[in-house]
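These notes concern the structure reproduced below.
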Amino acid sequence: MRVSTSAGYRPVALSLAALLGLAAVGSSPATGADLGAACCADLEERIAELESTAARKGNRKVSLTISGYIAHEITVWDDGRETNAYLHGLGPTQTSHVKFNGQAVIMPGWTAGYMLRLQDLTGNAFSGGPSAMNQNNPFNNAGLNTQMAFWYLQNEDLGKVSVGRLAHAAKSAAMFTDLSGTQIIDNYTFLAGFPQFTIRTGGDLSPAALTWGQLAFCYAQSLPLGGDCSGIVMNGIRYDSPAFGGFSVSASWGEDDFWEVAARYAGEVSGFKLALGAGYTEMRDEVITGGAVSDRKDTQFFQIGGYVQHLESGLFVHAAYGHENNNNTLLLNGRRAENGEHWYVKTGIRKAWTSLGATIVYGDFARYSDQLGPAALALGATSSTFDRFGGGIAQEIDAAAMTLYLKVQHYEAEISGPALSPTVADLEDADFISFGGLINF
994 MRVSTSAGYR PVALSLAALL GLAAVGSSPA TGADLGAACC ADLEERIAEL
1044 ESTAARKGNR KVSLTISGYI AHEITVWDDG RETNAYLHGL GPTQTSHVKF
1094 NGQAVIMPGW TAGYMLRLQD LTGNAFSGGP SAMNQNNPFN NAGLNTQMAF
1144 WYLQNEDLGK VSVGRLAHAA KSAAMFTDLS GTQIIDNYTF LAGFPQFTIR
1194 TGGDLSPAAL TWGQLAFCYA QSLPLGGDCS GIVMNGIRYD SPAFGGFSVS
1244 ASWGEDDFWE VAARYAGEVS GFKLALGAGY TEMRDEVITG GAVSDRKDTQ
1294 FFQIGGYVQH LESGLFVHAA YGHENNNNTL LLNGRRAENG EHWYVKTGIR
1344 KAWTSLGATI VYGDFARYSD QLGPAALALG ATSSTFDRFG GGIAQEIDAA
1394 AMTLYLKVQH YEAEISGPAL SPTVADLEDA DFISFGGLIN F
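Here our numbering is used: the first residue of the sequence shown is 994, the next is one more, and so on.
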């Protein structure tokens, strides 16, 4: 559901209520007494009902549309020694949220607008620190967060310029090409995963610092993102071109300093739905997001992804690749940041077999190579391979704008290094089975 406002909602409400009242009078015999207090009371009741469903706004020139979704999962996990069940969200960037969008026409061809997006980060399985969700802590309440807040100017022929806290040009350029209907619930990041879970070594939760996220670390933003190393919202300015034949380009800059460029394509060709995206990020700011792990940053991140779906059969393939070059950056713990890469493939079928909506059945595989975080490097690791196998089924319910899903993920990893303890090198596998739902409004 979307709630929109425009100028003069009370006169419109009065007019609608009056018409309804007249229609009611005209549809049955009435006497003069019937048109007294009962009629007016009914009109006032209808007006109050209409006003209660209208969003209030500060002026009559800029529209307001409210939208978003609520999403939660129940995950049963097994780390090789312990089994438990946690309830959590899809944080941080794809968690439950509400968006306030506004727009005003300046003159023909020119518009101005804004967007404010508030997130619910209760049950955030991604965040680290002392309150991180892991084997010893089932709940992490990071509260509400203002993820985005920006304004923009747009011209039909020249493009769009946005300023504020926003998604930058290359954000999720590869990941967002996934049009299967499962991108939010299952992708190659660890946003809805458990990167703060300690990897069991020889059955023990020791060393505690060796988490799954330490084998899927992105130095561009100092976070265990896995894939999509340029996927966090930041302050800056962004330009988006108009789409020409399905192609568009974007560029953005943010303080102190980073910049990004990206190109995208979306369209249909000979019965196939296609989507392509590529992006490049140059990150030199000392601290953008995450914790401070070095005195400076000198990271370049390249990503590319695509999606192909045969419309008649519903068969699809989505693939993504990313490479992070850290230029041997010296970390605060005296280690040097390694270069890392990751790739991902998802394949399956999307088909409306019932009247409820499309059913999506898929399998996926991700590999994260040498994405060693500061804690893993401090333990003496010099190389790593982290594989994630999985799959699932999702059912869209069109009448409720809802998706219900079940997904399975299996983690396994190997690390090596001349100074690495043999005990630390003996890593246990982990399994995660999640049932969840997402409802749009």
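Ideal Cβ placement from N, Cα and C applies to all residues, glycine included. All figures in this text were calculated on a predicted structure; none of them were measured in a lab.
- For the pair Gly1429 and His1065, the CB atoms are nearer than the 9 Å cut-off.
- When the Cα atoms are used, Gln1096 and Asn1148 turn out to be separated by approximately 13 Å.
- A contact between stretches requires three or more CB pairs, one per stretch, nearer than 8 Å, and the region 1338 to 1355 fails this requirement with the region 1365 to 1376.
- In this structure, Gly1082 sits near Gly1116, with a CB-CB distance shorter than 9 Å.
- Distances from the alpha-carbon of Trp1252 to those of Ala1271, Lys1339, Pro1200, Arg1277 put Arg1277 closest.
- A Cβ-Cβ distance of about 10 Å is found for the pair Leu1198 and Thr1204, leaving them out of contact under the 8 Å criterion.
- According to the DSSP secondary-structure assignment, Val1242 is paired through a beta bridge with Ala1256.
- Separation of Gly1195 and Pro1131 (C-alpha to C-alpha, rounded to the nearest whole angstrom) is 23 Å.
- With distances taken between CA atoms, Pro1101 lies nearest to Asp1150 out of Ile1059, Asn1129, Asp1150.
- Residue pairing for Tyr1212: DSSP places it in no beta bridge.
- In this structure, DSSP gives Arg1039 a helical state, which the three-state scheme calls helix.
- For Thr1416, the enclosing alpha helix (DSSP H) starts and ends at 1415 to 1418.
- According to the DSSP secondary-structure assignment, Ile1342 is paired through a beta bridge with Leu1308, Val1354.
- Assignment of Thr1170 by DSSP, reduced to helix, strand and coil, places it in the helix class.
- By the criterion of a C-beta distance shorter than 6 Å, Val1055 is surrounded in its chain by Gly1095, Ala1097, once the five residues flanking it on both sides are discounted.
- The residues Gln1128, in chain order, have a CB closer than 8 Å to that of Glu1075 in the same chain once the five nearest residues on each side in sequence are set aside.
- In chain order, Gly1350 place their CB closer than 6 Å to the CB of Asp1391, counting only its own chain and leaving out the 5 sequence neighbours on each side.
- Per the Cβ contact rule, the region 1150 to 1159 is not in contact with the region 1255 to 1266 (fewer than 3 Cβ pairs under 8 Å).
- A check of alpha carbon separations from Ser1287 across Leu1324, His1303, Leu1372 identifies Leu1324 as the nearest.
- A direct Cα-Cα distance of roughly 23 Å separates Gln1140 from Ala1271.
- Within the region 1075 to 1113, the complete beta strand (DSSP E) segments of 3 residues or longer fall at 1076 to 1081, 1090 to 1100, listed in chain order.
- In the three-state scheme derived from DSSP, where H, G and I count as helix and E and B as strand, Gly1206 is classed as helix.
- Shown here, Leu1370 sits in a helix according to DSSP, grouped into three states.
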